[in-house]
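Structure first, then comments.
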Amino acid sequence: MIFSIILILAVIFTIIIGQSKQNKDGNPDYDNKTRGNWSRLTLFYVVAIGFGVLALILYIVNKPAL
């Protein structure tokens, strides 16, 4: 549950920061390199989700019996 909340917040804040005027003024090439930016961001999320699923599986498998 907490992982889902963190993931959703990360996506929302990433989009907000990416669209902010300060970010665009600070790096004028940002809009010209969107494909690379989105590719790296997507890769980051895929890896993060993969590690999250792996951690969940390890937790479930190693959970002590009641």
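Add 1 to the 1-based position in the sequence shown for the working numbering, that's all there is to it.
Every residue gets a Cβ at the ideal spot worked out from N, C-alpha and C, and that includes glycine.
Proximity below 9 angstroms, CB of residue i to CB of residue j
i           : j             : result
tyrosine 46 : alanine 11    : yes
glycine 19  : asparagine 38 : yes
leucine 8   : alanine 56    : no
Whole-angstrom C-beta distance between residue j and residue i, which should lie under 8 angstroms
i               : j          : result
phenylalanine 4 : glycine 53 : 5 angstroms
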